[in-house]
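Residue numbers (our numbering), protein chains in the order written: chain A, 1 to 107; chain B, 1 to 366.
Beta carbons: idealized from backbone N, C-alpha and C, even for Gly.
Reading through the structure tokens given below for one structure.
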Amino acid sequence: MTHVVTESCIRCKYTDCVDVCPVDCFREGPNFLTIDPDECIDCAVCIPECPVNAILPEEDVPSDQLKFIKLNAELAKKWPSITKRKAALPDADEWKDRKDKLDQLIR
Amino acid sequence: MEPQLNPAISATAASHDGPIETDAVIVGAGPVGLFQVFELGLLEVKAHIIDSLAYPGGQCIELYPDKPIYDIPAVPVCTGKELTDNLLKQIEPFGATFHLGQEVTLVAKREDGRFDLETSKGTRFVTKTIFIAGGVGSFQPRTLKVDGIEKFDGTQLHYRVRNPSQFAGKNLVIVGGGDSALDWTLNFVQDGPNKAESVILVHRRDGFKAAPASVAKMKELCEAYEMQFVVGQVTGIEEQDGQLTGVKVTGGDGVTRVVPLDMLLVFFGLSPKLGPIAEWGLNIERKQIVVDTEKFETNVPGIFAVGDINTYPGKKKLILSGFHEAALAAFGAAPYIFPDKRIHLQYTTTSPKLHKVLGVETPVFD
Chain A
1 MTHVVTESCI
11 RCKYTDCVDV
21 CPVDCFREGP
31 NFLTIDPDEC
41 IDCAVCIPEC
51 PVNAILPEED
61 VPSDQLKFIK
71 LNAELAKKWP
81 SITKRKAALP
91 DADEWKDRKD
101 KLDQLIR
Chain B
1 MEPQLNPAIS
11 ATAASHDGPI
21 ETDAVIVGAG
31 PVGLFQVFEL
41 GLLEVKAHII
51 DSLAYPGGQC
61 IELYPDKPIY
71 DIPAVPVCTG
81 KELTDNLLKQ
91 IEPFGATFHL
101 GQEVTLVAKR
111 EDGRFDLETS
121 KGTRFVTKTI
131 FIAGGVGSFQ
141 PRTLKVDGIE
151 KFDGTQLHYR
161 VRNPSQFAGK
171 NLVIVGGGDS
181 ALDWTLNFVQ
191 DGPNKAESVI
201 LVHRRDGFKA
211 APASVAKMKE
221 LCEAYEMQFV
231 VGQVTGIEEQ
241 DGQLTGVKVT
251 GGDGVTRVVP
261 LDMLLVFFGL
271 SPKLGPIAEW
281 GLNIERKQIV
291 VDTEKFETNV
301 PGIFAVGDIN
311 TYPGKKKLIL
321 SGFHEAALAA
331 FGAAPYIFPD
341 KRIHLQYTTT
351 SPKLHKVLGV
361 ETPVFD
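The structure is reproduced here in structure tokens:
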């Protein structure tokens, strides 16, 4: 099991989650974060940190977001680790309530 | 002068004579495993305790030794280190035997109802009960994820230093930015029995988690041309005739350079893995062991699970919940250990019997 970053994170990347992770399992892409499923210990501390509720335990991922389980695992392999919070993307607030952002993801 | 025998060596030697016969083995020396020693001790059960780390404390020591904990009852605030130290003090009277730096590799039920249990160091036990206090799993070194590197693990690629002399006189590449990476870098650069031929430290950025004094010392050594520091990530390897000859390091500038080496040391910290616990025939749900809430016993009678590793309706992963579970598991296990004895609940305040096992005087009240 692991926790999963879902669609809400795309083009926002607030990064509040990375500060609290005890095992440094977040990975950073250009406009999205992922969780490395091999590192996550399911402590759930990151969930309430996310201002857009993008993080969910694997088994609670809704059906329309299931592809993010695989996507997190895949992107975590190639993206670098992020362990310190930084500024959100400049237009994060514009994108935070938007749905269907997967086509915006930069790999 | 009397020879001073290292108790660890004696214990290992004893294990070669045959398995250690005991009433209880605790797997995991985190706070809950340590408190399990206490609760078993009050019932006069002596325990052996095993942990994959070389020191007790589990997550409290490995993940947050200096972070304050505020939700231990009657302790307004303490750090993970303080909690561990206090628990070790609290369990002192019970003389538990610690088997550290080893993982349980085998658990099998015997015909006589007891269990065979073996560790990665070859320590063998025959025990009546097992208490799994494994937390989030055993802490394993994080590995370098580069294609083809695995086959050099243990020969030219090392995630820990067991024998420093094997690196003496070699050309070393050390990867990482934490204390382990910096401490070993300094150890191998500076004059001494383990001095390497050359040392190149590789870290993904020019900022370190390691102690600032070590970083300053490392930079000083770089300026004196005693060693080199390269910012970048290992992205590939070079090999020749089955030997690892170098690593490809991609720098912040996007340029990939080949760094030649004899030995590669990687220190990316530790990350917990459930490991072989998953193979012991226990009911597991979402990486946690299913237990009842009366005795915190698993589906295998005689095996109990306490702390973060178990699950039951309403489970909350809190240290204080683990302490409660340890108390009930000890009482739940007593019938396996003392089948003919009636177990009474006694209080440490008033019970002369408990005062005796705790090694304290029974107070006299006027």
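Notebook entry, point to check: Got a sec: which bits of the segment 258 to 272 of chain B sit with their beta carbon under 7 angstroms from any beta carbon on chain A, in order along the chain?
Noted result: Of all residues in the segment 258 to 272 of chain B, the ones placed with a Cβ closer than 7 angstroms to any Cβ belonging to chain A are Ser271 and Pro272, in chain order.
Check: Shorter than 8 angstroms from the beta carbon of B:Gly359 to some beta carbon of chain A?
Finding: At a cut-off of 8 angstroms, the C-beta of B:Gly359 has no neighbouring C-beta in chain A.
Checklist line | Contact check, B:Ala373 vs B:Phe131, beta carbons under 8 angstroms | finding: Residue coverage of chain B in this structure runs from 1 to 366, which leaves residue 373 of chain B outside it and unanswerable.
Note to self: Against A:Val23, what residues of chain B qualify as contacts under a CB-to-CB distance less than 8 angstroms, listed in chain order?
What the structure shows: Leu63, Ser271 and Pro272, listed in chain order.
Checklist line | Span of the alpha helix (DSSP H) around B:Leu42 | finding: For B:Leu42, the enclosing alpha helix (DSSP H) stretches over residues Pro31 to Leu42.
Next item on the list: Answer yes if the segment 250 to 268 of chain B comes into contact with the segment 225 to 237 of chain B, meaning at least three C-beta pairs across the two stretches below 8 angstroms, and no otherwise.
Entry: When Cβ pairs closer than 8 angstroms are counted between the two stretches, the segment 225 to 237 of chain B is seen to touch the segment 250 to 268 of chain B, the count reaching three or more.
Checklist line | Reduced DSSP category for B:Ala108 - H, G, I as helix; E, B as strand; rest coil | finding: Reduced to three states, the DSSP call for B:Ala108 is strand.
Next item on the list: Ignore the nearest five residues each way along the sequence and tell me which others in A:Glu28's own chain have a CB closer than 7 angstroms to its CB.
Entry: In the same chain as A:Glu28, and ignoring 5 residues on each side of it, the C-beta atoms closer than 7 angstroms to its own belong to Trp79, Pro80 and Ile82, in chain order.
Note to self: According to DSSP, is B:Gly332 part of a helix, a strand, or is it coil?
What the structure shows: In the structure shown, the three-state DSSP call for B:Gly332 is helix.
Item checked: Anticipated Cβ contact below 8 angstroms, B:Gly322 with B:Gly307, distance rounded -> Going by Cβ atoms, the distance from B:Gly322 to B:Gly307 rounds to 4 angstroms, so yes, they are a contact pair.
Check: Using a beta-carbon distance below 8 angstroms, is A:Asp42 in contact with chain B?
Finding: At least one chain B Cβ lies under 8 angstroms of A:Asp42.
Notebook entry, point to check: Taking only beta-carbon atoms, is A:Glu39 less than 8 angstroms away from chain B?
Noted result: For A:Glu39, the answer is yes, since a Cβ of chain B falls inside 8 angstroms of its Cβ.
Checklist line | Minimum Cβ-Cβ distance from A:Glu159 to chain B less than 8 angstroms | finding: Beyond the ends of chain A as shown, which are 1 and 107, falls residue 159 of chain A; an answer cannot be given.
Margin query: Considering Cα atoms alone, identify which of B:Asp183, B:Ala74 and B:Ser198 is closest to B:Pro212.
Written below: If we check each option's Cα against that of B:Pro212, B:Asp183 comes out closest.
Note to self: At the level of alpha carbons, what is the spacing between B:Leu34 and B:Glu82?
What the structure shows: Rounded to whole angstroms, B:Leu34 to B:Glu82 spans 13 angstroms at the Cα level.
Note to self: Per DSSP, what are the beta-bridge partners of B:Cys78 in this structure?
What the structure shows: For B:Cys78, which the question treats as bridged, DSSP gives the partners B:Ile69.
Notebook entry, point to check: Is there contact between the segment 354 to 361 of chain B and the segment 156 to 169 of chain B, where contact requires at least three CB pairs shorter than 8 angstroms?
Noted result: Segment contact: the segment 354 to 361 of chain B against the segment 156 to 169 of chain B, fewer than three CB-CB distances shorter than 8 angstroms; contact not assigned.
Notebook entry, point to check: Who are the near neighbours of B:Ile149 in its chain, counting only those whose CB is closer than 7 angstroms to its CB and skipping five residues on each side?
Noted result: Leu157 and Ile237.
Margin query: In this structure, how does DSSP classify B:Val278 when only helix, strand and coil are distinguished?
Written below: Sequence check: residue 278 of chain B is Ala here, not Val. DSSP places B:Ala278 within a helical segment (H, G or I) once states are collapsed to three.
Margin query: If you reduce the DSSP assignment to three classes, tell me which class B:Asn86 lands in.
Written below: DSSP places B:Asn86 in helix when its eight states are reduced to three.
Check: chain B partners of A:Lys70, CB-CB under 9 angstroms?
Finding: Against chain B, the beta carbon of A:Lys70 has no neighbour under 9 angstroms; the closest one sits roughly 17 angstroms away.
Notebook entry, point to check: For the ligand HEM, is there a heavy atom less than 7 angstroms away from the beta-carbon of A:Pro57?
Noted result: The model on display carries no ligand, and the ligand HEM is accordingly not part of it.
Check: Hey, is A:Pro48's beta-carbon within less than 8 angstroms of any beta-carbon in chain B?
Finding: It does not: the Cβ of A:Pro48 has no partner Cβ on chain B nearer than 8 angstroms.
Check: So, is the C-beta of A:Lys99 closer than 8 angstroms to a C-beta in chain B?
Finding: No, A:Lys99 does not count as interfacial toward chain B.
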